[in-house]
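The structure appears right after this line, and notes come after that.
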Amino acid sequence: MQHAQKARRTPAEHEARTDLAAMPANGLPSRLGAVLLESIAQEMSALAEQASALLRTPSESLSLETDIFAQIVRRNVPRWHFAMLNDTDRNEALVAALERGIPAGATVLDIGSGSGLLAMAAARAGASRVFTCEMNPLLAEVARNVVDAHGLSDVITVIGKPSTELDPQRDLGGPVDVLVSEIVDCGLIGEGLLPTVRHAREHLLALDGIMLPSAARLYGRLVNSEAVLRLNQATTVGGFDVSLMNTLATRGHFPVRLDTWPHRFLSEAAPVLEFDLARDDLEPGERTLEFPATADGEAQALVVWFELDMGNGIVLSNTPDAPRSHWMPGWVPLEKPALTKAGETTSLRLRWSDFTLRVSP
Ligand SMILES: C[S@@+](CC[C@H](N)C(=O)[O-])C[C@H]1O[C@@H](n2cnc3c(N)ncnc32)[C@H](O)[C@@H]1O
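Numbering (my numbering), first residue to last: 27 to 387.
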């Protein structure tokens, strides 16, 4: 009954008592970092304990229907694999690109097997030998079985390793003639396209080898959308200041089905990044972006989409004009909002690393 004696505070008093601004700016993030690492370590060791207990049971009694397998699959295999495999436009474009782009008898390395789809399409397109590597061991095992079920194991070798750990001689019998990959996220570089291609081009591909894709471009447009902003931000809820949650907000870009949220474009589309995958150094960098503003307003983000040049006129894209694509457009939050004035140019600074895009006024 003790709590009944506590005086109830009004919502305004609650807000007044939270002194978030006074919190040590650096102390909290580093404590959060430690808590995050500790929780991951605990979760992993619990999973490891359960997994080793399961491994001690006879293999014929192992069932994929158990909770532990469900947990492992949920944690290790992104759900977008299914949407991706049902994206007919993507699949048809990729298969056509391989049919047109792989010379008969070529050796091929497909980076990122997934289900084995592109490796099998490369074999059907006439490759004499296909190596496909997959860093996710569960997917590598699925791909191996899918390839085998199609009677293609004598042409296709599935290697359960990240491409950066492949030894060209031991794993591939020497550099390959064609490098195939589909490792892009909504913001182009988030799956590691740049470091992966940088490494593969130097170590795994023959000198005059073919790259599919051969070029990648990213475009963007300034946008204002309170609704999308609230997908990654919280302030006061029911009279309580919960803005500390924002330390856990997504940093960098994330996918958003823009057409399902109220939004206002504030500029024309403009180029953000462009890579010749065969020639450019593909290193992190920075540049100034110029957006011709079409309206007065406050831009909170860049909406971005890529074009992946697969050769022979085949281009894959997640433009907001193609809402059927399983890839959503990307939302790149501006580090600070930028004011736009119709008819004028808004300049922003873009910094890109191997995996992330950062944009500031
Ligand atoms: C977008 S999926 C594409 C799967 C398949 N190629 C397809 O098109 O259906 C990319 C896959 O590549 C894998 N992957 C990404 N980078 C990799 C790398 N450097 N080495 C090996 N696998 C990689 C991911 O685990 C994921 O399964």
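All C-beta atoms, glycine included, are put in the ideal place defined by N, C-alpha and C. Because the structure is a prediction, the values reported are computed rather than measured.
Query raised in the report: For V206, does the three-state DSSP call read helix, strand or coil?
Result: strand
**Report entry** For M161, three-class secondary structure by DSSP
**Finding:** coil
Requested in this report: Count the C-beta pairs between the stretch 128-143 and the stretch 198-216 that are closer than 8 Å, then say yes if the count reaches three, no if not.
Outcome: yes
Query - Which residues DSSP lists as bridging M237, in chain order - result: L205
**Report entry** Beta-ladder partner(s) of P297, from DSSP
**Finding:** Y245
Report task. Name the two residues that bound the continuous alpha helix (DSSP H) containing A130. Result -> No alpha helix (DSSP H) contains A130, which DSSP labels as neither H nor E.
Query raised in the report: Given that a residue counts as buried once 16 or more other Cβ atoms are within 10 Å of its Cβ, and exposed if not, what is T222?
Result: buried
Query raised in the report: From what residue to what residue does the beta strand (DSSP E) around A348 run?
Result: Neither: A348 is in no beta strand (DSSP E) and is coded neither H nor E.
Query raised in the report: Helix, strand or coil for S179 per DSSP?
Result: coil
Query - Closest by C-alpha distance to E361, when choosing among H352, A325 and M336 - result: A325
Query - Proximity test, V181 beta-carbon vs ligand 1 heavy atom, cut-off 8 Å - result: no
Requested in this report: May I ask you to report which of helix, strand or coil DSSP gives L376?
Outcome: strand
Query - Closest by C-alpha distance to E217, when choosing among R196, N258, A232 and P188 - result: P188
Query raised in the report: Would you call the CB atoms of P359 and P387 closer than 9 Å?
Result: no
Requested in this report: Starting from the C-beta of R243, find all residues in its chain whose C-beta is less than 6 Å away, skip the five residues before and the five after it, and write them out in chain order.
Outcome: E300 and E333
Requested in this report: Could you tell me whether the stretch 96-109 touches the stretch 194-201, where touching means 3 or more Cβ pairs closer than 8 Å?
Outcome: no
Report task. Quick one: using the 10 Å Cβ neighbour count with 16 as the cut-off for buried, is I128 buried or exposed? Result -> buried
Report task. Within 10 angstroms of the Cβ of I236, are there 16 or more other Cβ atoms? Answer buried if so, exposed if not. Result -> buried
Query - For S379 and L303, believed in contact at Cβ under 8 Å, the rounded distance - result: Not a contact, Cβ separation roughly 17 Å.
Report task. For T261, I'd like the list of residues in its chain whose CB is within less than 6 Å of its CB, leaving aside the five on either flank, ordered along the chain. Result -> S269
Report task. Whole angstroms is fine: what's the gap from I182's alpha carbon to N272's? Result -> 47 Å
Query raised in the report: V298 and G246 look like a contact to me (Cβ under 8 Å); what is the Cβ gap, rounded to whole Å?
Result: 4 Å
Query raised in the report: Which first and last residues belong to the alpha helix (DSSP H) in which T382 is found?
Result: Unbroken run through T382: none, as it is neither H nor E.
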